[in-house]
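Presented below is the structure to which this report refers.
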RNA sequence: GCGCCAGUAGCUCAAUCGGAUAGAGCAACAGCCUUCUAAGCUGUAGGUUAGUGGUUCGAGUCCACUCUGGCGUACCA
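Numbering (my numbering), first residue to last: 1 to 542.
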């Protein structure tokens with residue numbers, strides 16, 4: 001639809017050359033009587049032309065040469081909006097398009113040939129994935145899927161580090177539980193990992209190695225077994241959410257391949273770093289930062305900045321067209337330093353899109369629950385999936401804008417009632433499946449012949465809604481806004497439920513019934529495709 | 001103190017570069033099933049878009065300041 005309007009304006013701009021000076025935007029008016037599309041072009045021209053916007057609008061309309069079979073009416077409204085009304089015949093064509101393309105409908109090839117890397121989850125293996133990680137995991141996965149829908153070849157990547165303080169504490173924690181299992185009376189320090197899973201790992205060590213490890217360094221076998229067990233667990237959790245990573249990138253390889261060292265030397269030789277108080281500092285003040293930051297501690301250990309820069313260097317060298325980093329707001333202060341470092345090394349940081357999502361506030365019994373992996377007062381994603389199903393978990397995490405705080409009400413999510421929006425969408429899909437079952441028994445079949453006969457208000461609204469899908473997916477993908485898909489699907493489902501109430505299929509005249517079957521089928525395809533992006537199931541029965 | 005994100009109906013949230021009368025769901029109230037799934041539909045009620053100023057044809061959206069909340073502000077990641 002938009003394309004058609006654009007082509008009309010393109011032609012008109014040959015006579016009205018001033019149309020070339022502005023960017024002509026079409027939007028869908030909030031109020032139905034204002035047409036299917038509207039443009040404010042005339043108002044934008046008032047200043048340069050020094051004319052009444054309604055007069056300009058009339059001039060524009062006179063210059064347009066619309067096809068009568070496509071455009072039913074063009075009118076000037078309000079301060080100077082130009083409103084376009086399409087014909088039902090034109091609108092109904094979308095049904096054919098959807099049914100022809102099927103599962104492919106909604107995909108575009110706009111970014112074909114481009115490669116993207118989406119890094120997400122990236123939790124260090126110190127414990128099971130919790131609700132806190134869930135939002136990151138699902139958002140990242142949907143962002144990746146949306147990019148695939150618009151043509152990107154996408155790699156999903158998980159970055160982790162199995163060295164450092166957290167992991168040492170993990171080894172210590174396991175060893176202590178191991179000793180406990182051997183009958184030693186121990187006092188378990190508060191700063192150790194308190195979770196039950198630590199005991200499970202200790203039991204595993206005991207089973208494999210017996211009591212031989214009492215003098216073993218906690219950073220050795222203990223840490224290794226813990227890391228493996230926890231990673232296994234994390235991968236299983238991701239799998240039950242439908243998430244499969246292309247790669248797990250270990251920070252350690254950056255040391256092995258001397259990438260850290262190389263970058264350090266590079267900074268040094270370019271005089272972008274200096275030593276002070278036995279530490280190495282990066283001159284961020286010269287790179288646009290607020291203050292210089294330490295990149296190598298006085299202990300000789302790098303801070304996170306150096307490996308993060310090296311990791312991004314690695315991603316740049318893999319020649320992605322788009323690099324997406326997704327993390328929680330607690331990391332919001334870290335990326336400007338890393339990007340400044342990358343820029344200094346000569347990489348095109350515009351390729352990097354950093355997405356920051358706000359935290360999940362967990363409500364239980366009307367109270368906010370503060371979670372911490374170390375203190376083990378967390379709710380794992382596994383527990384949540386057991387309670388409310390993966391569909392609900394995924395939907396809850398993407399239904400809201402990522403830069404708003406998300407309230408996750410455990411009690412509400414568990415309810416499984418009509419208060420839960422996931423069922424609203426799934427119900428629409430199941431209802432259509434049911435219609436298709438019933439109509440096939442009545443020997444009615446789908447027909448694309450009489451679509452233009454679908455002129456009921458509810459039918460026309462559905463046509464319009466279906467028209468929006470492709471654009472909506474593209475917009476959501478380009479702006480990294482998964483919640484747009486959820487919002488759209490809720491609107492489509494609502495429009496369908498209304499149609500269902502107003503327009504019966506069984507018991508109406510055959511031509512009309514068969515055209516309605518086609519419309520219902522088209523809606524079903526779009527709901528299924530949309531839910532597919534979110535990886536939420538589309539049931540045939542409920 | 002400074003930086004980032006937010007503040008919209010009782011609750012949870014939408015609102016496509018700044019567009020026309022700010023929309024849904026839940027909760028409340030009143031209706032609709034002898035015919036395709038009532039996990040649905042219809043209606044009523046609910047708002048000074050945190051506040052004050054500014055920019056302009058036009059502001060929930062942009063700017064300034066104030067208030068409230070979250071997250072940062074490390075030689076943790």
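Don't be surprised by glycine CBs; every beta carbon is placed ideally from N, CA and C. These numbers come from a predicted model, not from an experiment.
*Since residue 389 contacts residue 358 with CB under 8 Å, what's their CB separation in whole angstroms?*
Their Cβ separation, rounded to whole angstroms, is 25 Å, which puts residue 389 and residue 358 out of contact at 8 Å.
*Just how far apart, CA to CA, sit residue 393 and residue 237?*
C-alpha separation (whole angstroms): 12 Å.
*Just to confirm, are residue 355 and residue 402 a CB contact at a threshold of 8 Å?*
The answer is yes: Cβ separation under 8 Å.
*Hey, would you say residue 538 sits closer than 8 Å to residue 405, going by beta carbons?*
Residue 538 places its beta carbon 8 Å or farther from that of residue 405.
*asked:* Quick test of the definition: if touching needs 3 or more C-beta pairs under 8 Å, does the stretch 95-115 touch the stretch 207-214?
replied: Because the criterion of three Cβ pairs below 8 Å is not met, the stretch 95-115 and the stretch 207-214 do not touch.
*Exposure of residue 53, with buried meaning 16 or more beta-carbon neighbours within 10 Å*: Within a 10 Å sphere around the beta-carbon of residue 53 sit 16 or more other beta-carbons, which makes this residue buried.
*Would you kindly work out how many angstroms separate the C-alpha atoms of residue 215 and residue 124, rounded to a whole number?*
If you take the alpha carbons of residue 215 and residue 124, they lie about 26 Å apart.
*Using three-state DSSP, classify residue 504 as helix, strand or coil.*
Three-state result, residue 504: coil.
*asked:* On the criterion of 16 or more Cβ atoms from any shown chain inside 10 Å, does residue 39 qualify as buried, or is it exposed?
replied: By the Cβ neighbour-count rule, residue 39 is buried, with 16 or more other Cβ atoms within 10 Å of its own.
*CB-CB under 7 Å to residue 69, same chain, minus the five flanking residues each way: which ones, in chain order?*
Exclusion of the five residues before and after residue 69 leaves 87, 89 and 90 as the residues of its chain whose Cβ lies within less than 7 Å of its Cβ.
_Beta-bridge partners of residue 155, as assigned by DSSP_ = 117, per the DSSP bridge assignment.
*Per DSSP, residue 353 forms a beta bridge with which residues?*
In the DSSP output, where bridge partners are listed per residue, residue 353 has 324.
*asked:* Going by DSSP, what residue range makes up the beta strand (DSSP E) through residue 72?
replied: From DSSP, the beta strand (DSSP E) with residue 72 extends over 71-77.
*Helix, strand or coil at residue 448 according to DSSP, with G and I counted as helix*: Coil.
*Grouping DSSP H, G and I as helix and E and B as strand, with all else coil, what is residue 275?*
It is a strand residue.
*Per-residue DSSP class, three states only, for residue 462*: In the three-state DSSP reduction, residue 462 falls in the helix class (H, G or I).
*Answer with buried or exposed for residue 6, where buried requires no fewer than 16 other C-beta atoms within 10 angstroms of its C-beta.*
That one is exposed.
*Sub-8 Å separation of residue 476 and residue 146 beta-carbons*: Judged by their CB atoms, residue 476 and residue 146 are nearer to each other than the 8 Å cut-off.
*asked:* I need the boundaries of the alpha helix (DSSP H) containing residue 367, first residue and last residue.
replied: Careful: residue 367 lies outside any alpha helix (DSSP H), inside the beta strand (DSSP E) at 367-369.
*What is the DSSP secondary structure of residue 290, counted as helix, strand or coil?*
Correct three-state label for residue 290: coil.
_Status (buried if at least 16 other CB within 10 Å, exposed otherwise) for residue 395_ = Burial call: buried.
*Stretch pair the stretch 484-500 + the stretch 425-442: three plus CB contacts closer than 8 Å*: Counting Cβ pairs under 8 Å, three or more are found: they touch.
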